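Residue numbers (the working numbering): 4 to 419. C-beta atoms are modelled at their ideal positions from N, C-alpha and C, and glycine is treated no differently. This structure is a prediction, so every number in the text was calculated from the model and none was measured.
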């Protein structure tokens with residue numbers, strides 16, 4: 004069976020790592036799995052799909068804002084982060100690639116940056132499986148709609164654009180997707196039940212089959228160990244509580260690092276002792292922390308360093324305002340480090356009170372601080388939660404389990 008995965012990045016970011024892990028596990032199961040990416044290829048089983056002409060390559064390199072031109076010239080030149088990804092420019096000849104033409108199954112993943120446009124999706128004749136890393140595939144261009152429910156009807160008058168008219172850029176993209184999706188054979192796969200509910204309620208996907216297959220992680224690589232090396236390296240005294248906090252882009256308000264700062268401050272006040280924070284993933288300064296809190300800013304770290312960071316922490320904080328199924332949460336659990344999170348998105352699928360950590364009502368900072376402080380002060384409870392976190396990760400979020408479910412789905416879709 005030949006499966007071609009289409010995603011923007013091969014190695015950059017958490018979504019890319021999750022896709023790469025699935026791809027390699029499928030190959031271990033004997034499937035002819037290949038990845039087609041726009042940048043950062045994995046290995047020989049990955050091909051980079053370049054823009055069709057030399058002129059287009061130079062245009063996109065030096066004028067990248069052209070891909071979001073429908074937002075308005077002034078806006079795309081003025082803003083660093085655009086509120087919508089419109090994918091109006093067909094940057095890559097994906098459907099002409101041999102790996103697409105030869106595939107039995109096409110598995111779409113993270114396409115928000117335009118490796119494939121809706122119109123190109125409509126030209127794929129094979130069964131399509133679309134794994135949703137975010138909400139972009141069924142919205143008018145946003146990755147996470149927040150409280151907006153426009154995707155349930157037709158988008159338009161987008162609050163992110165401050166648009167006054169229904170016929171704005173989000174409505175135009177929604178219409179393009181509506182026309183394109185009518186032509187395909189698509190099965191939607193979501194990592195979390197929360198994302199599945201949103202996909203089913205969307206006007207674009209409600210007529211398609213929606214399945215939930217949780218993200219798998221390498222539980223052999225992310226495993227518990229008495230690794231105190233990082234504590235010694237950072238000169239953290241024995242007995243001092245350690246919290247971990249990470250994200251690829253800590254400055255993204257959706258990640259809730261401002262809420263984490265409040266949780267850390269209040270937990271430190273309750274404990275009335277020094278608290279250490281391992282901050283990793285990107286450059287960021289936690290605001291307004293008391294002197295008893297020491298932040299160790301580790302910046303961007305290699306994947307090989309992550310198990311040591313998780314194992315060095317007593318609790319991993321996941322304060323996101325909106326989240327699908329956070330890979331860092333699963334990795335922390337697999338290392339036996341409990342997680343404290345708000346009950347948003349897919350967090351309830353993996354963070355279970357008394358089993359793998361603490362799940363708190365959004366965005367009850369005081370209660371989360373009390374639960375974290377109580378846990379840090381109870382050694383017996385700490386050991387029990389560590390064992391339970393690891394057990395849950397191995398039981399429900401293993402890579403082999405995830406790959407087997409995808410392989411079964413592919414076979415079902417190809418059966419007569």
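Pairwise C-beta distances place the segment 132 to 151 in contact with the segment 98 to 117, as three or more of them are shorter than 8 Å.
Of 350, 199 and 326, the smallest CA-CA separation from residue 146 is found for 326.
The bridge partners DSSP lists for residue 215 are 193. With respect to the C-alpha of residue 233, the residue from 90, 317 and 144 having the closest C-alpha is 317.
Scanning its chain for C-beta atoms nearer than 8 Å, with the 5 sequence neighbours on each side dropped, one finds around residue 395 the residues 336, 353, 355, 358 and 359, in chain order. Looking at the backbone, the Cα of residue 182 and that of residue 98 are separated by about 18 Å.
Going by C-alpha positions, residue 324 is about 27 Å away from residue 169.
For the 7 Å CB-CB criterion, residue 178 and residue 311 do not form a contact. Secondary structure at residue 303: coil, using DSSP grouped into helix, strand and coil. Judged by their CB atoms, residue 195 and residue 349 are nearer to each other than the 7 Å cut-off. Checking the DSSP bridge columns, you'll see residue 133 partnered with 111 and 191. Under the DSSP assignment, residue 124 falls outside any beta strand (DSSP E), being part of the alpha helix (DSSP H) whose first and last residues are 121 to 124. In chain order, 35, 105, 106 and 107 place their CB closer than 7 Å to the CB of residue 5, counting only its own chain and leaving out the 5 sequence neighbours on each side. With a 10 Å radius around the Cβ and a threshold of 16 neighbouring Cβ atoms, residue 308 comes out exposed. A distance below 6 Å between beta-carbons, with the five flanking residues on each side excluded, links residue 340 to the following residues of its chain, in chain order: 313, 316 and 319. If you look at residue 395, you'll find it isn't in any beta strand (DSSP E); it sits in the alpha helix (DSSP H) that goes 382 to 399.
In this structure, the beta-carbon distance from residue 406 to residue 29 falls below 7 Å. Around the Cβ of residue 201, a 10 Å sphere holds 16 or more other Cβ atoms; the residue is buried. For residue 349, the secondary structure class from DSSP, reduced to helix, strand or coil, is coil. Pairing residue 114 with residue 9, the inter-Cα distance amounts to about 8 Å. By the Cβ rule, the segment 201 to 215 does not count as touching the segment 237 to 244, because fewer than three pairs are nearer than 8 Å. As the crow flies, the alpha-carbon of residue 282 is around 13 Å from that of residue 259. The Cβ atoms of residue 173 and residue 151 do not sit closer than 7 Å to each other.
Around the beta carbon of residue 369, fewer than 16 other beta carbons sit within 10 angstroms, so the residue counts as exposed.
Where residue 233 is concerned, there is no enclosing beta strand (DSSP E), although the alpha helix (DSSP H) around it starts and stops at 232 to 236. Here residue 275 is exposed. Its C-beta has fewer than 16 other C-beta atoms within 10 Å.
Excluding sequence positions up to five before and after residue 45, its CB lies within less than 7 Å of the CB of 13, 14, 23 and 38, all in the same chain and listed in chain order. The beta carbon of residue 213 is closer than 6 Å to those of 191, 199, 202 and 203 in its chain, skipping five residues each way along the sequence. If you look at residue 22, you'll find it in the alpha helix (DSSP H) that goes 17 to 31. Residue burial annotation: residue 223 is exposed, with fewer than 16 other C-beta atoms found within 10 angstroms of its C-beta. Take residue 297, set aside five residues on each side of it, and the residues of its chain with a beta-carbon closer than 6 Å to its own are 279, in chain order. Out of 217, 409 and 221, the CA that lies nearest to the CA of residue 338 is found in 221. In this structure, residue 216 sits near residue 408, with a CB-CB distance shorter than 7 Å.
Between the alpha carbons of residue 265 and residue 140 lies a distance of about 34 Å. Rounded to the nearest whole angstrom, the C-alpha separation of residue 334 and residue 167 is 43 Å. A Cβ-Cβ contact shorter than 7 Å links residue 102 with residue 7.
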